[in-house]
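Peer 1: Here it is: the structure, laid out below.
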Amino acid sequence: MKATSALLFLVFSCAVTGITNADRQLEPDLAGTPEGNICNLPHTIGPIECLAFFPMYTHDPALGRCVGFAYGGCRGTANRFRTLEDCEQRCPAEKPYDVCSLPPTTAPGERICPPEVDRYYYDASKGSCQPYKAVQCFRTQNSFETKEECDRRCQSPNSVE
1 MKATSALLFL
11 VFSCAVTGIT
21 NADRQLEPDL
31 AGTPEGNICN
41 LPHTIGPIEC
51 LAFFPMYTHD
61 PALGRCVGFA
71 YGGCRGTANR
81 FRTLEDCEQR
91 CPAEKPYDVC
101 SLPPTTAPGE
111 RICPPEVDRY
121 YYDASKGSCQ
131 PYKAVQCFRT
141 QNSFETKEEC
151 DRRCQSPNSV
161 E
């Protein structure tokens, strides 16, 4: 019984500490990071002992644009943003890319992200906008609230952003 109580206390203490430190852990530590180099820093999910899953975005220098990834909750680099918009504002795309050729999501968050919503994406193989169940995180720019918005963006000849 004492072992069970001690274990419950330990788990509860860790949970409370994790909850109170969660927001602080999500903010990147910018100390010593040159302002212009953040977008070229590698992204890291953090060590296994972090045991968390936060949908975040990072600038991928190889692709020249922002993509989603699962952040473990501690450590990592400053190349980490809460939203795609924040990432793109700080690290604009280095070259134009076709939004409509992107997959609708960038990471496997189906079982972990908040509930699904009905959205549309452009399927280049079908040449049309298709409905899909979108998770609330890791969506790319090829994810639209309405079919009309998708058609307007991807059926036009200049879908390059």
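Following the UniProt record's numbering, the numbering of the sequence shown begins with 1 at its first residue and continues without gaps. Where is the CB? At the ideal position from N, CA and C, for every residue including glycine.
Taking residue 130 as part of the beta strand (DSSP E), name the residues at either end of that continuous run.
Peer 2: Locating residue 130 in the sequence shown gives position 130, where the first residue counts as 1. It spans 128 to 134 - the beta strand (DSSP E) in which residue 130 sits, taken as one unbroken run.
Peer 1: Could you give the distance in angstroms between the alpha-carbon of residue 62 and the alpha-carbon of residue 154?
Peer 2: Sequence index remark: in the sequence shown, residue 62 carries index 62 (1-based). Sequence index remark: in the sequence shown, residue 154 carries index 154 (1-based). Near 25 angstroms, if we compare the C-alpha coordinates of residue 154 and residue 62.
Peer 1: Could you compute how far the alpha carbon of residue 78 sits from the alpha carbon of residue 42?
Peer 2: Here residue 78 is taken as the residue at index 78 of the sequence shown, counted from 1. Here residue 42 is taken as the residue at index 42 of the sequence shown, counted from 1. About 9 angstroms.
Peer 1: If you draw a straight line from the C-alpha of residue 122 to the C-alpha of residue 135, how long is it?
Peer 2: Position 122 of the sequence shown holds residue 122. Position 135 of the sequence shown holds residue 135. Taking the straight line from one Cα to the other gives about 16 angstroms.
Peer 1: Considering only the beta carbon of each residue, do residue 68 and residue 137 sit closer than 8 angstroms?
Peer 2: As a working mapping, residue 68 is identified with position 68 in the sequence shown. As a working mapping, residue 137 is identified with position 137 in the sequence shown. In this structure, residue 137 lies closer than 8 angstroms to residue 68 by Cβ.
Peer 1: Since residue 151 is in the alpha helix (DSSP H), which residue starts that stretch and which ends it?
Peer 2: Taking the sequence shown and counting its residues from 1, one reaches residue 151 at position 151. Its alpha helix (DSSP H) spans residues 147 to 154.
Peer 1: Among 139, 73, 101, which one has its Cα closest to the Cα of residue 119?
Peer 2: Start at 1 with the first residue of the sequence shown, and residue 119 comes out as number 119. It is 139.
Peer 1: With DSSP run on the structure shown, which of helix, strand or coil describes residue 90?
Peer 2: Along the sequence shown, one-based indexing puts residue 90 at 90. DSSP places residue 90 in helix when its eight states are reduced to three.
Peer 1: Can you give me the Cβ contacts of residue 45 inside the same chain, cut-off strictly under 8 angstroms, excluding the 5 residues immediately before and after it?
Peer 2: If you number the sequence shown from 1, residue 45 lands on position 45. Contacts found: 69, 70, 71, 72, 76.
Peer 1: Helix, strand or coil for residue 137, going by three-state DSSP, please let me know.
Peer 2: Within the sequence shown, residue 137 is the residue found at index 137, counting from 1. In this structure, residue 137 counts as coil in the three-state DSSP scheme.
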